[in-house]
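J.: Quick one: this structure, given as structure tokens, is what I'll be asking you about.
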DNA sequence: TTAGTTCGGGTTTTT
DNA sequence: CCCGAACTAA
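Residue numbers (the working numbering): 266 to 1045.
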């Protein structure tokens, strides 16, 4: 029991009180994972059977890491038997066991978001609805929210408020789409992500003996990241825990960032209603970050209204102030951050893997990547387009899925004519009509009713050949292991040949990706953990989990690389040095969150999460202009920067000058700084400014004191590659010069300020252009 | 039926 | 700017 000594009193209480309901409120960096792992280890040490422990985590990766840590604590291989995983993967597993109760085969497919959207798209088309009104993404969101609130298609159609909503928004057919969508999923023997939870609820509701079975089985239940659970998940947990009530939920309301996906903070706030005699444990000591970071984070989260009272504190040193830096553009931001990592790394000797760049949206990674590449800094991007989302991977997996479950409509449609075998749109439409009329799957149409399909003999033959091929794959997959079957199918279907033929760089990378997938399957097949009764796993076994894997679940490797990811993806991680980039209004907080207080608060929690990832150093960065839809936009610094107690910030540039005597706000009409604006001690410039709620920030101050920031930016630029070829050197572009622009035609330069020029074009009027991007040709 | 091209529309976050 | 979808030519 030595390990108990490694815990502080609060942690230890949470670990030792294993009986009865308890809630652990764990501040950022307070050793939440430690508590969970020690608690489970403790249970096992006290004699609990690992098979009776259910631990629900947010990601597969979290589950895997926790298992490893538990193994280290208790030794042996027992940890392997704990039921630990994400809600989705654990209940998919249970649903496969109990599938026949729900009239599903155990090898049902799992549709990912893309599959779901495609299906909805097809339905909307078949119903002859306007796809501008009924956007697949919107429709899926709506259905998803319904499912996560356990509202069936029938209940949806009868719900007065919901239908009224749909009516007024001009989408009266929503309920019908929902019904048809479910029907089609069922016909395909498929479930979408939300079904995995929804159907589990149905199972536990309609089959009391099954509920009892699992209530008895799971004597101890633990839920990580409880603040991110939705109603559907909440109810599953409540039902399963009802018998023993040995339920321990762990979370932090301040880190709830999945509200958009139906997560419900109320679950945390309401815990005491369901379990009045619960034990409450607050972990408030932060072991991760410096005092400055903890205090800054506290000051930010204090702006939120709804929260459980707690005070996170730390014994760690004060550390550096949090630096705030500004760049001219998104590209400059990339250069600055890379440069700063480069010099800081050289100075501290810390490993590259100790650095993270966090952003709000995936699209921001590009500018960062470019900067890092220029300095030859190794980096790794998490998320973005997940490996499993890539077209070539989805294609090959569709073959595997179809092999395991030929009724899978989305997989069928994806591969029936890939590689091209002359089965085109027209044929597919006829098949869809036939399938709908007979209320069967597309597969049934070509295997059972092919003769009645109104197509010519040639097409019929092609369809039959396709069916024969898939059947042969099924036979192959039955008798050999996953790796051999996977390779056989990839080859026989003509996929590998197709990809190999493409010698373009993208084609090459697609081929490599497929090889990587095959390698992964080989590894899976050789892994002893997956062998059952001395037999190597089958292809179907590989497919069970693959739909639920995401990029974040891929092996980390020991690569020493700078980490790039969205803030969402960074949850639960920590890094010595954290750069939070793109801190601009409308980006972070996102434009879409500004209308509602609750959503703005979620953005703020997101910022809190980002900041609390940092151990010793945090840098906040924003740019003054950024490309969006290929267009340059002016940006304002994020309100979150202002919301931090200034005592914890090192923010020279907000008090000092912008580079040169630049004046970005175009209200100022004076061409070039004749009066050289005396540090806009408000009053001068405020006239036209369309003030928002916030007071206007004091405009630029003396050029001289801006040295620090200025130097960084320019240095970044010079250290990067020499200016991209703009046709003519930017030196020629001076005030008064006549220039030509590809789009706007001829114009006259009114003003040049550093990177930026104001040019007048007779065609479109006055334009602000960044010299680096606008390929201006200087006319004699 | 397919391949190649233009066109229009879209970026929040993910199991 | 980048992608997919619709459109157009073989």
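Where is the CB? At the ideal position from N, CA and C, for every residue including glycine. Given the structure is predicted, the values throughout are model-derived calculations rather than measurements.
Would residue 747 and residue 802 be called neighbours here (beta carbons separated by less than 9 Å)?
T.: Indexing the first chain from 1 puts residue 747 at position 482. Indexing the first chain from 1 puts residue 802 at position 537. Yes. Within cutoff.
J.: In whole angstroms, what is the alpha-carbon distance linking residue 277 and residue 326?
T.: On the first chain, position 12 is the one that residue 277 refers to. On the first chain, position 61 is the one that residue 326 refers to. Distance between the alpha carbons of residue 277 and residue 326: 25 Å.
J.: Drop a sphere of 10 angstroms on the beta-carbon of residue 736, count the other beta-carbons inside from all chains shown, and report buried for 16 or more, exposed for fewer.
T.: As a position in the first chain, residue 736 is number 471, starting the count at 1. The residue is exposed, with fewer than 16 neighbouring Cβ atoms inside 10 Å.
J.: Let me know if residue 431 comes out buried or exposed under the rule of 16 or more other beta-carbons within 10 Å of its beta-carbon.
T.: Counting from one through the first chain, the residue named residue 431 turns up at place 166. Counting Cβ neighbours within 10 Å, residue 431 comes out buried, since at least 16 surround it.
J.: In this structure, does DSSP put residue 541 in helix, strand or coil?
T.: Numbered from 1 along the first chain, position 276 holds the residue referred to as residue 541. In the structure shown, residue 541 sits in coil (DSSP, three-state: anything other than H, G, I, E or B).
J.: Quick one, are the C-beta atoms of residue 606 and residue 915 less than 9 Å apart?
T.: Residue numbering aside, residue 606 sits at position 341 when the first chain is read from its first letter. Residue numbering aside, residue 915 sits at position 650 when the first chain is read from its first letter. In this structure, residue 915 does not lie closer than 9 Å to residue 606 by Cβ.
J.: Can you tell me whether residue 433 is buried or exposed? The criterion is at least 16 other CB atoms within 10 Å of its CB, across all chains shown.
T.: For this step, residue 433 is matched to residue 168 along the first chain. Counting Cβ neighbours within 10 Å, residue 433 comes out exposed, since fewer than 16 surround it.
J.: Compute the beta-carbon to beta-carbon distance between residue 889 and residue 593, rounded to the nearest angstrom, for a pair I have assumed lies under 8 Å.
T.: To locate residue 889, count along the first chain from 1; it is residue 624. To locate residue 593, count along the first chain from 1; it is residue 328. Rounded, the Cβ-Cβ distance is 6 Å, consistent with contact.
J.: From the DSSP output, in three-state form, read off residue 911 for me.
T.: The residue you call residue 911 lines up with position 646 of the first chain. Looking at residue 911 - three-state DSSP - the assignment turns out to be helix.
J.: Label residue 964 either buried or exposed according to how many other C-beta atoms from any shown protein chain fall within 10 Å of its C-beta, with 16 as the threshold for buried.
T.: As a working mapping, residue 964 is identified with position 699 in the first chain. Note that residue 964 scores a pLDDT of 30, beneath 50, so its modelled location is shaky and nothing firm can be said.
J.: At what residue ranges does the segment 317 to 365 contain a whole run of the alpha helix (DSSP H), taking only runs of 4 or more?
T.: For the segment 317 to 365, whole alpha helix (DSSP H) runs of length 4 or above, ordered along the chain, are 325 to 339 and 352 to 363.
J.: With a threshold of 16 other CB atoms inside 10 Å of the CB of residue 312, please say whether the residue is buried or exposed.
T.: Against the first chain, residue 312 aligns to sequence position 47. Looking at its Cβ environment, which holds fewer than 16 other Cβ atoms inside 10 Å, residue 312 is exposed.
J.: Please classify residue 722 as buried or exposed, where buried requires at least 16 other C-beta atoms within 10 Å of its C-beta.
T.: On the first chain, residue 722 is found 457 positions in, with the first residue counted as 1. With fewer than 16 other Cβ atoms within 10 Å, it is exposed.
J.: Let me know the secondary structure DSSP gives residue 259 once reduced to three states.
T.: There is simply no residue 259 to check, as the chain begins at 266 and stops at 1045 in what is shown.
J.: Residue 604 and residue 831 look like a contact to me (Cβ under 8 Å); what is the Cβ gap, rounded to whole Å?
T.: In the first chain, the residue the question calls residue 604 occupies position 339. In the first chain, the residue the question calls residue 831 occupies position 566. Actually they are not in contact, since the Cβ atoms of residue 604 and residue 831 sit about 23 Å apart, beyond 8 Å.
J.: For residue 452, is the classification buried or exposed, using 16 other Cβ atoms within 10 angstroms of its Cβ as the cut-off for buried?
T.: As a first step, residue 452 is located in the first chain; it is residue number 187 there, counting from the start. Residue 452 is buried by the Cβ-count criterion.
J.: Expressed to the nearest angstrom, what Euclidean distance is found between the alpha-carbon atoms of residue 601 and residue 833?
T.: Translated into positions along the first chain, residue 601 becomes position 336. Translated into positions along the first chain, residue 833 becomes position 568. Each residue's Cα considered, the two are about 23 Å apart.
J.: For the candidate residues 300, 757, 791 and 797, whose alpha-carbon lies nearest to that of residue 513?
T.: Position 248 of the first chain, counting from 1, holds the residue named residue 513. Comparing Cα-Cα distances from residue 513 to each of 300, 757, 791 and 797, the minimum goes to 300.
J.: Hey, how far is the Cα of residue 871 from the Cα of residue 638?
T.: Taking the first chain and counting its residues from 1, the one referred to as residue 871 is at position 606. Taking the first chain and counting its residues from 1, the one referred to as residue 638 is at position 373. Each residue's alpha carbon lies about 28 Å from the other.
J.: Assuming residue 334 contacts residue 378 under a Cβ cut-off of 8 Å, what Cβ separation, rounded to an integer in Å, is found between them?
T.: Taking the first chain and counting its residues from 1, one reaches residue 334 at position 69. Taking the first chain and counting its residues from 1, one reaches residue 378 at position 113. No, residue 334 and residue 378 are not in contact; Cβ-Cβ is about 31 Å, not under 8 Å.
J.: Is it buried or exposed, residue 981, if we count other Cβ atoms within 10 angstroms and call 16 or more buried?
T.: For this step, residue 981 is matched to residue 716 along the first chain. With a pLDDT of only 34 at residue 981, under the threshold of 50, the placement of this residue in the model should not be trusted; the figure read from the coordinates follows. Flag for residue 981 reads buried.
J.: For residue 881, report the span of its beta strand (DSSP E) as first-last.
T.: Here residue 881 corresponds to residue number 616 of the first chain, with the count starting at 1. Here the beta strand (DSSP E) through residue 881 covers 879 to 888.
J.: Should residue 948 be labelled buried (16 or more other beta-carbon atoms within 10 Å of its own) or exposed?
T.: Within the first chain, the letter at position 683 stands for residue 948. Bear in mind that the predicted position of residue 948 carries a pLDDT of just 24, short of 50, making it unreliable; the figure below should be weighed with that in mind. Residue 948 should be labelled exposed.
J.: Distance, Cα to Cα, residue 534 vs residue 896?
T.: Within the first chain, the letter at position 269 stands for residue 534. Within the first chain, the letter at position 631 stands for residue 896. Rounded to the nearest angstrom, the two C-alpha atoms are 44 Å apart.
J.: Express the C-alpha separation of residue 767 and residue 961 in angstroms, rounding to a whole number.
T.: Taking the first chain and counting its residues from 1, the one referred to as residue 961 is at position 696. Taking the first chain and counting its residues from 1, the one referred to as residue 767 is at position 502. Confidence is the limiting factor: at residue 961 the pLDDT is only 30, short of 50, which leaves the residue's position unreliable, though a coordinate-based value still follows. Near 56 Å, if we compare the C-alpha coordinates of residue 767 and residue 961.
J.: Just to confirm the assignment, what range does the alpha helix (DSSP H) spanning residue 739 have?
T.: Against the first chain, residue 739 aligns to sequence position 474. Note, residue 739: alpha helix (DSSP H), 722 to 744.
J.: State the Cα-Cα distance for the pair residue 242 and residue 510, rounded to the nearest angstrom.
T.: Residue coverage of the chain in this structure runs from 266 to 1045, which leaves residue 242 outside it and unanswerable.
J.: What is the DSSP secondary structure of residue 780, counted as helix, strand or coil?
T.: Position 515 of the first chain, counted from the first residue, corresponds to residue 780. Helix at residue 780.
J.: Could you check where the alpha helix (DSSP H) with residue 447 kicks off and where it finishes?
T.: Taking the first chain and counting its residues from 1, one reaches residue 447 at position 182. Residue 447 -> alpha helix (DSSP H) spans 439 to 452.
J.: Over the uninterrupted beta strand (DSSP E) stretch that includes residue 645, give me the two end residues.
T.: Walking along the first chain from the start, residue 645 turns up at place 380. Start and end: 644 to 646.
J.: Can you list, in chain order, the stretches of the alpha helix (DSSP H) that have 4 or more residues and sit fully within the segment 550 to 638?
T.: Here the runs fully enclosed are 556 to 566 and 595 to 613.
J.: Using CA coordinates, which residue listed in 875, 691, 733 and 413 is at the minimum distance from residue 718?
T.: Residue 718 sits at position 453 when you count from the first residue of the first chain. Selected option, being the one with the closest Cα: 691.
J.: Specify the secondary structure class of residue 436 as computed by DSSP and reduced to three states.
T.: Reading the first chain from its first residue, position 171 is the one you call residue 436. The answer is coil: DSSP assigns residue 436 none of H, G, I, E or B.
J.: Going by C-alpha distance, which of 381, 677, 808 and 472 is nearest residue 406?
T.: One-based indexing of the first chain puts residue 406 at position 141. Nearest C-alpha to residue 406: 381.
J.: Rounded to whole angstroms, what is the Cα-Cα separation between residue 274 and residue 460?
T.: Here residue 274 refers to the residue found at position 9 when the first chain is read from its first residue. Here residue 460 refers to the residue found at position 195 when the first chain is read from its first residue. Each residue's alpha carbon lies about 41 Å from the other.
J.: Looking only at its chain, what residues have a beta carbon closer than 8 Å to the beta carbon of residue 1057, apart from the 5 residues adjacent to it on each side?
T.: Since the first and last residues shown for the chain are 266 and 1045, residue 1057 lies out of range.
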